[in-house]
Amino acid sequence: MLSADSLVTDLMFSAKAPLDQALFTETLRPYGEDPKRTLLDMDRLDPRMEMELSPSMPFRRRGERRLLIIDGNVAPLREDPANPIVPLDLRPHKEALITLAETLPIRLGRLFALGSWGDAVLVAKSARDLRGVCLIPWALDPQVDVDGKRRASQLSQQEFEAKIMAFEKRLEELDDAEILLGIKGATFERRGELLVVDVLEPDGTWDQRKSLALEMQLAALDRFSIFPGAPAAPRAPKAEVAAPAKAAAPAKVEPKPEPAPAKPVPAGPPLTTAELGGQVVLVFPAERFDLDVAAALGKRDWDLVVRGSDKLTGEARDRLHRDGGGFVAPLEFLSEVFIDGKPLSRPQFDQAARAVGEGARALEVHLPRFGPVTLIDVAGKGRFVTSLAGHDAAVAALVRG
Numbered sequence: 371m372l373s374a375d376s377l378v379t380d381l382m383f384s385a386k387a388p389l390d391q392a393l394f395t396e397t398l399r400p401y402g403e404d405p406k407r408t409l410l411d412m413d414r415l416d417p418r419m420e421m422e423l424s425p426s427m428p429f430r431r432r433g434e435r436r437l438l439i440i441d442g443n444v445a446p447l448r449e450d451p452a453n454p455i456v457p458l459d460l461r462p463h464k465e466a467l468i469t470l471a472e473t474l475p476i477r478l479g480r481l482f483a484l485g486s487w488g489d490a491v492l493v494a495k496s497a498r499d500l501r502g503v504c505l506i507p508w509a510l511d512p513q514v515d516v517d518g519k520r521r522a523s524q525l526s527q528q529e530f531e532a533k534i535m536a537f538e539k540r541l542e543e544l545d546d547a548e549i550l551l552g553i554k555g556a557t558f559e560r561r562g563e564l565l566v567v568d569v570l571e572p573d574g575t576w577d578q579r580k581s582l583a584l585e586m587q588l589a590a591l592d593r594f595s596i597f598p599g600a601p602a603a604p605r606a607p608k609a610e611v612a613a614p615a616k617a618a619a620p621a622k623v624e625p626k627p628e629p630a631p632a633k634p635v636p637a638g639p640p641l642t643t644a645e646l647g648g649q650v651v652l653v654f655p656a657e658r659f660d661l662d663v664a665a666a667l668g669k670r671d672w673d674l675v676v677r678g679s680d681k682l683t684g685e686a687r688d689r690l691h692r693d694g695g696g697f698v699a700p701l702e703f704l705s706e707v708f709i710d711g712k713p714l715s716r717p718q719f720d721q722a723a724r725a726v727g728e729g730a731r732a733l734e735v736h737l738p739r740f741g742p743v744t745l746i747d748v749a750g751k752g753r754f755v756t757s758l759a760g761h762d763a764a765v766a767a768l769v770r771g
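If you want it as structure tokens, here you go:
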């Protein structure tokens, strides 16, 4: 049984380098002999199981093995998994990951928490691979198009397939120097041929909100070329100090630059709030809820979720940042959530769901990039997911209006 919020060392092996089986066995022997550590061969699982635990497609190529080392010695990492701060010193685990990457033919190594999105440490031999693993959320998000723009509705099957086909081309647009130049607020170092990036604090603790920022920096969706695969425009160089003008030269009056246009406000209606179970509950319209928002909710990154134009009082905003809160959001398809490691189907829901008053049914499921939620189907209103446990009837009444 895998314990949620366990520390995971993720190893993706290169298909180009031969794997010495004796070296592989000897290197991983200490991990295999520890009864509190689980070595999980991802390629022996149903592919849908990998999509649930930690997707690696389309990043990982055919023939590349993947092994997860799930450390139950430090599980759970936090008393409250919703807390974005992991209060343990992860520096020894970082060094252990680097040692594995130096010993074995590993294409990419990661350190993360089981059930949470975002990496504490990334180790690779190329900056392109660092960027590639951070582009997985873009590739798998059904509402983000090939240009990195979010749609109000889901992509068609043809558009989604075209985006997947463009994955490798997008990786050609930035060279290693351009990719590494985008890293801000994280620690970057070279260990021989290895590139090591981490978001650990000086004392080794981990703020998962920094992982989301690092993912966005490495993915660099804003640097996408108009035509996938075409070289991206170079970053603007720093302005150089001009040499002093000659005394005889008349001063040249330059026109004042036009002010930068105001940053557009993202589309979508505002959030509303409710009070349920003694906490602030964010009620999302369909246009405002996606996998990125789910991940931010899991990390309690309220600044990424709530806008200034949303219908929240100052008191509600203060309570969110101080005490946290819950959410209720619409769900378009049952298959967007999982149960027992597989996408939920209508027959499964009909068989397992419980009645919640008149005209509503509920079932505990897993929401990718967030964690456990309750799915509530309300007749005449649709399906909704909520983080509130034990308040099914109140949530059903809320969505009925």
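In my numbering, the protein residues as written are 371 to 771. Even for Gly, the Cβ is constructed at its ideal location relative to N, Cα and C.
With a threshold of 8 Å between beta carbons, is residue i in contact with chain D?
i, result
"ASP441", "Chain labels in this structure do not include chain D; a single protein chain is all it has."
Give the straight-line distance between the Cα atoms of residue i and residue j, rounded to the nearest whole angstrom.
i, j, result
"GLY668", "PHE740", "5 Å"
"LEU584", "GLY729", "44 Å"
"GLY555", "LEU582", "11 Å"
"ARG687", "LEU398", "48 Å"
"GLY727", "ASN443", "43 Å"
"LYS386", "ALA722", "46 Å"
"PHE537", "ALA763", "43 Å"
"LEU389", "PRO639", "53 Å"
"ALA494", "GLY518", "24 Å"
"GLN528", "GLY574", "45 Å"
"ARG579", "GLN391", "38 Å"
"MET382", "LEU467", "12 Å"
"ILE476", "LEU470", "8 Å"
"GLU657", "VAL663", "11 Å"
"MET535", "ARG501", "17 Å"
"SER523", "LEU652", "21 Å"
"LEU409", "HIS736", "23 Å"
"VAL491", "VAL566", "7 Å"
"ARG689", "LEU415", "42 Å"
"TRP672", "GLY684", "13 Å"
"ILE709", "ARG716", "12 Å"
"ALA373", "ASP577", "Strictly speaking, residue 373 in this sequence is Ser, with Ala absent from that position. Whole-angstrom Cα-Cα distance: 20 Å."
Using CA coordinates, which residue listed in the options is at the minimum distance from residue i?
i, options, result
"LEU437", "VAL765, LEU460, ALA452 and ASP413", "ASP413"
"GLU531", "PRO512, LYS519, LEU541 and GLU548", "PRO512"
"PHE697", "GLN649, GLU734 and GLY638", "GLN649"
"VAL746", "LYS519, ARG731 and VAL516", "Residue identity differs from the one stated: residue 746 is Ile in this sequence, not Val. The shortest Cα separation from ILE746 among LYS519, ARG731 and VAL516 belongs to ARG731."
"VAL503", "ARG658, ILE549 and PRO475", "ILE549"
"PRO655", "THR642, ASP662, ALA666 and LEU646", "THR642"
"ASP546", "ALA590, TRP508, LEU410 and PRO475", "ALA590"
"PRO598", "VAL516, ASP411 and SER705", "VAL516"
"PRO462", "THR379, LEU415 and GLU563", "THR379"
"ALA665", "ARG432, TRP487, PRO417 and GLY711", "TRP487"
"GLY402", "ILE440, GLY678 and ARG677", "ILE440"
"PRO738", "MET419, PRO400 and SER373", "MET419"
"ASP499", "ARG724, LEU588 and GLY771", "LEU588"
"TRP508", "SER424, LEU661 and GLY684", "LEU661"
"ALA766", "LEU646, ARG430, MET421 and ASP489", "LEU646"
"VAL569", "GLY562, ILE553, ARG560 and GLU563", "ILE553"
"ARG521", "PHE659, ARG677 and LEU447", "PHE659"
"ARG540", "ARG561, GLY695 and PRO601", "PRO601"
For the beta strand (DSSP E) holding residue i, just list the boundary residues, first then last.
i, result
"GLU645", "642-646"
"GLU559", "557-561"
"ALA699", "696-701"
"ILE746", "741-748"
"ARG440", "Correcting the residue type first, residue 440 is Ile in the shown sequence and not Arg. First-last of the beta strand (DSSP E) with ILE440: 436-441."
"VAL650", "649-653"
"ARG753", "752-756"
Which residue comes first and which comes last in the alpha helix (DSSP H) that contains residue i?
i, result
"MET382", "Here MET382 belongs to no alpha helix (DSSP H); instead the beta strand (DSSP E) covers 377-383."
"GLN587", "578-589"
"ILE468", "461-473"
"GLN528", "527-535"
"ALA665", "661-668"
"PHE429", "No alpha helix (DSSP H) holds PHE429; DSSP gives it neither H nor E."
"VAL503", "497-504"
Taking all protein chains shown into account, do 16 or more other C-beta atoms lie within 10 angstroms of the C-beta of residue i, making it buried, or fewer, making it exposed?
i, result
"SER426", "buried"
"GLU449", "exposed"
"ARG692", "exposed"
"ALA774", "Absent from the model: residue 774. The displayed extent of the chain is 371 to 771, so no value can be given."
"LEU481", "buried"
"PRO405", "exposed"
"PRO742", "exposed"
"GLU706", "buried"
"GLY479", "buried"
"ASP375", "buried"
"GLU610", "A caution first: GLU610 carries a pLDDT of 43, below 50, which makes its placement in the model too unreliable to give a value."
"LYS608", "At LYS608, the pLDDT of 45 sits below 50, so the modelled position is not reliable; the number obtained from the coordinates is stated separately. Flag for LYS608 reads exposed."
"PRO457", "exposed"
"ILE596", "exposed"
"LYS681", "exposed"
"THR756", "buried"
"PRO631", "Its pLDDT being 49, under 50, PRO631 is placed unreliably in this model, and the value from its coordinates should be taken loosely. The residue is exposed, with fewer than 16 neighbouring Cβ atoms inside 10 Å."
Inset, instruction - Give a yes or no on contact between the segment 744-757 and the segment 696-706, applying the rule of three or more CB pairs nearer than 8 Å. - result: yes
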